[in-house]
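Notes to accompany the following structure.
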Amino acid sequence: MTHDIAILGASGYTGAELVRLIATHPGMRIKALGANSKAGQSMAEVFPHLRHLDLPDLVTIDEIDFSAIDLCFCALPHATSQEVIASLPKDLKIVDLSADFRLRDPAVYEKWYGNKHAALDCQSEAVYGLTEFYRDEIRSARLVAGTGCNAATGQYALRPLIAGGLIDLDDIIIDLKTGVSGAGRSLKENLLHAELSEGTHAYGVGGTHRHLAEFDQEFSAIAGRPVQVQFTPHLLPANRGILATVYVKGGAAEIHGALSRAYAEEPFLQVLPFGQTPSTRHIRGSNFCHLGVSGDRVPGRAIVIAALDNLTKGSSGQALQNANLMLGENETTGLMLAPVFP
1 MTHDIAILGA SGYTGAELVR LIATHPGMRI KALGANSKAG QSMAEVFPHL RHLDLPDLVT
61 IDEIDFSAID LCFCALPHAT SQEVIASLPK DLKIVDLSAD FRLRDPAVYE KWYGNKHAAL
121 DCQSEAVYGL TEFYRDEIRS ARLVAGTGCN AATGQYALRP LIAGGLIDLD DIIIDLKTGV
181 SGAGRSLKEN LLHAELSEGT HAYGVGGTHR HLAEFDQEFS AIAGRPVQVQ FTPHLLPANR
241 GILATVYVKG GAAEIHGALS RAYAEEPFLQ VLPFGQTPST RHIRGSNFCH LGVSGDRVPG
301 RAIVIAALDN LTKGSSGQAL QNANLMLGEN ETTGLMLAPV FP
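Residue numbering for the sequence shown follows UniProt numbering, starting at 1 and increasing by one per position.
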């Protein structure tokens, strides 16, 4: 069976990544591409690297006949996404890549994103889209909320350790570096080549980054009590990729064993031999996440390092993984592409 797919926000980076992945998916056919600002253009004009594909032209969202769509990916900015999703047919399966449905408490969403939630009915049915930990709920969901790319990286490093009681919950530091594509395709002065290249800088310092809300929500739920990590992201002069270095108090060997057991059957989560560390160059363009564990010179401390591609495993690849489950497809279909190296 072939499923007809719509992608809203197809002119952005995550939209283009979805097209790239779905192009080789034997069970999905791209039926509609929505991009209001570039409506009327071909995908080849907007993204020349996709010119070899036979794709529909970009149209406004209002022009799409959703009655002919089996599943819709929504790759729109937050606030916009919730309004659009609220207007879509109530029986349409949706995977949202924005932040609009990640946080279960509307008051928490308003605190971190600065506006009231405008689609509370949809929010109440949304399932958090960290596939490996919400697989059963995702299979039966109508609406799945994709995670933040930074939030996914940190959670892969920490969830099994919190669940196993292996680390000090009051002393967790996540030092994360991310490529510039995570900021989206909109023109921003600080993302110009002359402003960004040949340097790196921290942002969201002091507990202001919005993905902290996801860490608070998920880690506290696992622990059964409030957990607040220290988290500082840094912007790298690289197009894509995330590297998170996580500092914890706990036994390094036990931590490595717990991650290895937790992810032994996971097709996309690869735990390296003890003492080896991952690199963004080894997961580029793929849906894989590599994790490494090392001990510290101070006994009782450990370092966990996680690497993934923010546009693939951190966003569009995760979205396709979830869509596969929702449509009854094999979870890995379209996603076993090897990383691009060098």
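Where is the CB? At the ideal position from N, CA and C, for every residue including glycine.
Residue i, buried or exposed, once every other Cβ within 10 Å from all chains shown has been counted against 16
| i | result |
| --- | --- |
| Tyr203 | exposed |
| Asp121 | exposed |
| Gln155 | buried |
| Val340 | exposed |
| Ser140 | exposed |
| Gly206 | exposed |
| Ala126 | buried |
| Thr14 | buried |
| Met28 | buried |
| Thr178 | buried |
| His78 | buried |
| Gln318 | buried |
| Gly300 | exposed |
| Glu329 | buried |
Neighbourhood of residue i by C-beta, 8 Å cutoff - its chain only, sequence neighbours within 5 removed
| i | result |
| --- | --- |
| Arg297 | none |
| Glu195 | Glu189 |
| Gly146 | Val95, Asp96, Leu97, Ser98, Arg102, Gly129, Ser315, Gln318, Ala319, Asn322 |
Strand pairing of residue i, partner residues [DSSP]
| i | result |
| --- | --- |
| Thr73 | Strictly speaking, residue 73 in this sequence is Phe, with Thr absent from that position. Beta-bridge pairing links Phe73 to Ile7, Val95. |
| Lys177 | His234, Leu243 |
| Cys149 | Cys149 is not bridged to any residue. |
| Tyr128 | Ala145 |
| Leu58 | Leu33 |
| Lys249 | Arg301 |
Straight-line Cα distance separating residue j from residue i
| i | j | result |
| --- | --- | --- |
| Pro160 | Ser42 | 45 Å |
| Asp170 | Phe288 | 29 Å |
| Ile69 | Ile167 | 46 Å |
| Leu325 | Arg135 | 8 Å |
| Ile7 | Ala32 | 6 Å |
| Ala39 | Thr60 | 6 Å |
| Ala244 | Gly182 | 14 Å |
| Arg142 | His25 | 21 Å |
| Ala86 | Lys249 | 44 Å |
| Thr332 | Ser260 | 20 Å |
| His290 | Ala119 | 36 Å |
Cut-off 6 Å between Cβ atoms - residues of its own chain near residue i, not counting five sequence neighbours on either side
| i | result |
| --- | --- |
| Gly148 | His211, Glu214 |
| His256 | Phe274, Val293 |
Neighbourhood of residue i by C-beta, 7 Å cutoff - its chain only, sequence neighbours within 5 removed
| i | result |
| --- | --- |
| Gly314 | Cys149, Ala152, Thr153, Ile242, Leu308 |
| Gln276 | Gly292 |
| His117 | Gln82, Pro106, Tyr109, Glu110, Gln123 |
| Leu76 | Leu8, Gly9, Val84, Ser98 |
Supposed contact pair residue j and residue i - C-beta distance, whole angstroms, cut 8 Å
| i | j | result |
| --- | --- | --- |
| Thr312 | Glu17 | 6 Å |
| Pro233 | His209 | 6 Å |
| Gln270 | Leu103 | The Cβ separation is near 29 Å, so there is no contact. |
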